[in-house]
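Working notes for the structure below.
Protein chains: 2
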Amino acid sequence: MKTGSSDKPPHRYEEIANDLRGAILRGDYHEGDRLPGENAIMKNYGVARATARDALAVLRHEGLAIARPGAGVFVTPSKRIIRDSSNRYSRTRAANTSPFRSDATRAGQHGNWEHTSQPIEAPSEIAQRLKIEPGQPVMETRYRYLADERPIQLSQSWEPLAITGGTPVEYPEEGAAVGVIARMDMIQQHIDHVIERVTARAAKPEEIEQLNLPRRGAYVLMIDRTHYVEDRPVETCDIIFPGDRYELTYTIPIPD
Amino acid sequence: MKTGSSDKPPHRYEEIANDLRGAILRGDYHEGDRLPGENAIMKNYGVARATARDALAVLRHEGLAIARPGAGVFVTPSKRIIRDSSNRYSRTRAANTSPFRSDATRAGQHGNWEHTSQPIEAPSEIAQRLKIEPGQPVMETRYRYLADERPIQLSQSWEPLAITGGTPVEYPEEGAAVGVIARMDMIQQHIDHVIERVTARAAKPEEIEQLNLPRRGAYVLMIDRTHYVEDRPVETCDIIFPGDRYELTYTIPIPD
DNA sequence: TAGTGGTCTAGACCACAAT
DNA sequence: TTGTGGTCTAGACCACTAC
Numbered sequence: 026m027k028t029g030s031s032d033k034p035p036h037r038y039e040e041i042a043n044d045l046r047g048a049i050l051r052g053d054y055h056e057g058d059r060l061p062g063e064n065a066i067m068k069n070y071g072v073a074r075a076t077a078r079d080a081l082a083v084l085r086h087e088g089l090a091i092a093r094p095g096a097g098v099f100v101t102p103s104k105r106i107i108r109d110s111s112n113r114y115s116r117t118r119a120a121n122t123s124p125f126r127s128d129a130t131r132a133g134q135h136g137n138w139e140h141t142s143q144p145i146e147a148p149s150e151i152a153q154r155l156k157i158e159p160g161q162p163v164m165e166t167r168y169r170y171l172a173d174e175r176p177i178q179l180s181q182s183w184e185p186l187a188i189t190g191g192t193p194v195e196y197p198e199e200g201a202a203v204g205v206i207a208r209m210d211m212i213q214q215h216i217d218h219v220i221e222r223v224t225a226r227a228a229k230p231e232e233i234e235q236l237n238l239p240r241r242g243a244y245v246l247m248i249d250r251t252h253y254v255e256d257r258p259v260e261t262c263d264i265i266f267p268g269d270r271y272e273l274t275y276t277i278p279i280p281d
Numbered sequence: 026m027k028t029g030s031s032d033k034p035p036h037r038y039e040e041i042a043n044d045l046r047g048a049i050l051r052g053d054y055h056e057g058d059r060l061p062g063e064n065a066i067m068k069n070y071g072v073a074r075a076t077a078r079d080a081l082a083v084l085r086h087e088g089l090a091i092a093r094p095g096a097g098v099f100v101t102p103s104k105r106i107i108r109d110s111s112n113r114y115s116r117t118r119a120a121n122t123s124p125f126r127s128d129a130t131r132a133g134q135h136g137n138w139e140h141t142s143q144p145i146e147a148p149s150e151i152a153q154r155l156k157i158e159p160g161q162p163v164m165e166t167r168y169r170y171l172a173d174e175r176p177i178q179l180s181q182s183w184e185p186l187a188i189t190g191g192t193p194v195e196y197p198e199e200g201a202a203v204g205v206i207a208r209m210d211m212i213q214q215h216i217d218h219v220i221e222r223v224t225a226r227a228a229k230p231e232e233i234e235q236l237n238l239p240r241r242g243a244y245v246l247m248i249d250r251t252h253y254v255e256d257r258p259v260e261t262c263d264i265i266f267p268g269d270r271y272e273l274t275y276t277i278p279i280p281d
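So the sequences go chain by chain: A and B.
With this note's numbering as the guide, the letters of the first sequence map in order to residues 26 to 281.
With this note's numbering as the guide, the letters of the second sequence map in order to residues 26 to 281.
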């Protein structure tokens, strides 16, 4: 038998967090609204600063609230962006649209990105993923994706220059606009499968900075993705998402 | 130009966290070893309790350390379990093995599970996922998976009784041992695709309890999975993993 | 300039582990 | 019983934001 919401939280900070969460979910506060901050909670509940912080930390960790130092605590915009693998990896679509931009549009946001490329010698972990020797030349490209001008995704890709060097697609350039499959098709590298490995982990300091995440307690979804032509890797890539802003979907066909 | 590790962290707790992280990664402490606790840090660094806690919180959030109240702070066992979609969803394998058990074995652990089933009326969210009317009867099954006797995965599945009711597979029973595809094949429901939606979010209180997660700051990976027979859902399921203990892999074929 | 959240000190009490 | 981490009080200073 469930008593529903009549449980008494054993700790003060949980009680306060429950109150605030209830108010948000009930609609007393809307996206972007200012919430009672540390000082307000101290006064309203008669608790010390640390206890007020603990209560707000619960909401921040749940992705319901975000603190802007010097300004206040605000309700987080909540809608997740959906990244659908079956939308991205079909030859017909890949050639003409940016998968990221259409994901963002579908979530009602405006998407664009920045990127920089440079040839480097493959570090050992990347060499392993590309099945080449460490130190072999690869093209490294970093992307930062923005939705409504706010950073929302990072990625970093590596392509062996043994494959792309000297070809028209050596530099990914606006590569995010056309996709890896279409680019590789242009140089007769016909990708036949992609492997994506998904993990969740704590955000690293540089990710916190670049994605504008809270300094403490942030986590990210990471995809480690590799494109293959007959079991030979032609591109590998790390993709980083704020953990609470994205949803990844996969459609898996079951053969007879 | 990178200066490597010679940066000076601006905050005391970060400095302490960096020291401890370095010691762990350098191998001064091994999996399961006891780390300096709050009291030791207070003495060694001459800081207040809250600052020592903040330092340890960084390591706990990164999944490097785990606190056992009353006992101390210990280095977390680190190896992730790999859940590979291409291992799970092939008809030949699915009939004879437990996908979970073989994942665990591959990570060098012993896997088993508990489960309970009961018929219920479909709540609205589940009805929507199964494309049936709310209140229609469904079989609900809860699983808890253990690796080396420690809880490592939760799941909860729902199947419309309009499909399975009165058949030999009405109760999933040891369903985790054979898989949904093989069970549905037995009653001539031939599943042709599966959709998995992956998200990361803060752990809920009941998940914290059942998975033995730390009370504060824990996050989980969640898969919302549905099996289809020609666009008609025959099973849907929520799967919950401790965020820092799992890796999900997907192989995506690219047609010509 | 006034107010905010982030960091920090110096105490305290508790439930729970290990002994 | 002793020590541990978890919670909490009551202060303080800082960098930053908004005005």
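Note that CB positions come from ideal geometry on N, CA and C, so glycine has one too.
Check: With distances taken Cα to Cα, identify the nearest neighbour of P148 of chain A among A:F125, A:R270, A:E184, A:P176.; Outcome: A:E184
Check: Are the Cβ atoms of H55 of chain B and V100 of chain B separated by less than 8 angstroms?; Outcome: yes
Check: May I ask you to report which of helix, strand or coil DSSP gives Y114 of chain B?; Outcome: coil
Check: Shorter than 8 angstroms from the beta carbon of S110 of chain B to some beta carbon of chain A?; Outcome: yes
Check: May I ask which residues mark the beginning and end of the beta strand (DSSP E) holding L295 of chain B?; Outcome: Look at the range of chain B in this structure, 26 to 281, and you will see that residue 295 of chain B is not part of it.
Check: Is the beta carbon of P124 of chain B closer than 8 angstroms to that of G21 of chain B?; Outcome: Since the first and last residues shown for chain B are 26 and 281, residue 21 of chain B lies out of range.
Check: In its own chain, which residues sit with a C-beta less than 6 angstroms from the C-beta of R126 of chain A, not counting the 5 before and 5 after it?; Outcome: G136
Check: If I follow the unbroken alpha helix (DSSP H) through E227 of chain B, where does it start and stop?; Outcome: Per the sequence shown, the amino acid found at residue 227 of chain B is Ala instead of Glu. Note, A227 of chain B: premise wrong, no alpha helix (DSSP H); beta strand (DSSP E) at 218–227.
Check: Could you give the distance in angstroms between the alpha-carbon of E234 of chain B and the alpha-carbon of E195 of chain A?; Outcome: 52 angstroms
Check: Using DSSP's beta-bridge definition, name the partner residues of D295 of chain A.; Outcome: Here chain A comprises residues numbered 26 to 281, so residue 295 of chain A is not present and cannot be evaluated.
Check: Are the Cβ atoms of P159 of chain B and L186 of chain B separated by less than 8 angstroms?; Outcome: no
Check: To the nearest angstrom, how far is it from the Cα of E150 of chain B to the Cα of T251 of chain B?; Outcome: 13 angstroms
Check: Decide yes or no for the touch test of the stretch 95–109 of chain B against the stretch 251–261 of chain B: beta carbon pairs closer than 8 angstroms, at least 3 of them.; Outcome: no
Check: Here's a check: name, in chain order, each residue in its chain whose Cβ is nearer than 7 angstroms to the Cβ of I49 of chain B, leaving out the five neighbours to either side.; Outcome: L89, V100
Check: Looking only at its own chain, which residues have a Cβ that is under 6 angstroms from the Cβ of I106 of chain B, when we skip the five neighbours before and after it?; Outcome: D128, A132, Y271
Check: Just checking my contact of R108 of chain B with L273 of chain B at CB under 8 angstroms: how many whole Å lie between their CB atoms?; Outcome: 5 angstroms
Check: Compare the beta carbon distance of I220 of chain B and I206 of chain B with 8 angstroms and say whether it is the shorter of the two.; Outcome: no
Check: What residues of chain B sit near D269 of chain A, judged by a beta carbon separation below 9 angstroms?; Outcome: T224, A225, R226, A227, Y244
Check: In chain A, what lies closer than 9 angstroms to A75 of chain B by C-beta?; Outcome: A75
Check: Measure from the alpha carbon of V223 of chain A to the alpha carbon of each residue in A:L246, A:R240, A:P239, A:Q213, then state which is nearest.; Outcome: A:L246
Check: Please list the terminal residues of the continuous beta strand (DSSP E) segment that includes E146 of chain A.; Outcome: 136–146
Check: Taking only the alpha-carbon atoms, compute the straight-line gap between T189 of chain A and S182 of chain A and give it to the nearest angstrom.; Outcome: 13 angstroms
Check: Return yes when at least one heavy atom of the ligand FMN lies under 7 angstroms from the C-beta of A129 of chain B, else no.; Outcome: Of ligands this structure carries none, so the ligand FMN is not represented either.
Check: Under DSSP, the beta strand (DSSP E) around V163 of chain A begins and ends at which residues?; Outcome: 162–172
Check: Are P278 of chain A and H86 of chain B closer than 8 angstroms when you measure CB to CB?; Outcome: no
Check: Under three-state DSSP, which class holds I212 of chain A?; Outcome: coil
Check: Which chain B residues are close to P278 of chain A, counting only those with a beta carbon under 9 angstroms from its beta carbon?; Outcome: Y114, D217, H218, V219, P278
Check: Closest by CA to D347 of chain A, which one among A:Q214, A:I91, A:P239?; Outcome: The first residue shown for chain A is 26 and the last is 281, placing residue 347 of chain A beyond what the model contains.
Check: What is the rounded straight-line gap between the Cα of R154 of chain A and the Cα of N64 of chain A?; Outcome: 50 angstroms
Check: Between the alpha carbons of K104 of chain B and L45 of chain B, how many angstroms are there, rounded?; Outcome: 20 angstroms
Check: Taking the alpha carbon of R78 of chain A as the reference point, which residue from A:Y38, A:P267, A:I145, A:G191 has its own alpha carbon closest?; Outcome: A:Y38
Check: For D269 of chain B and A225 of chain A, I'd like the C-alpha separation in whole angstroms.; Outcome: 6 angstroms
Check: Consider the Cβ of D263 of chain B: report whether some Cβ of chain A lies at a distance smaller than 8 angstroms.; Outcome: no
Check: How would you list, in chain order, the residues of chain B whose beta-carbon sits under 7 angstroms from the beta-carbon of E87 of chain A?; Outcome: A227
Check: Consult DSSP for D109 of chain A and reduce its assignment to one of helix, strand or coil.; Outcome: strand
Check: Does any residue of chain A bring its CB to less than 8 angstroms from the CB of Y275 of chain B?; Outcome: yes
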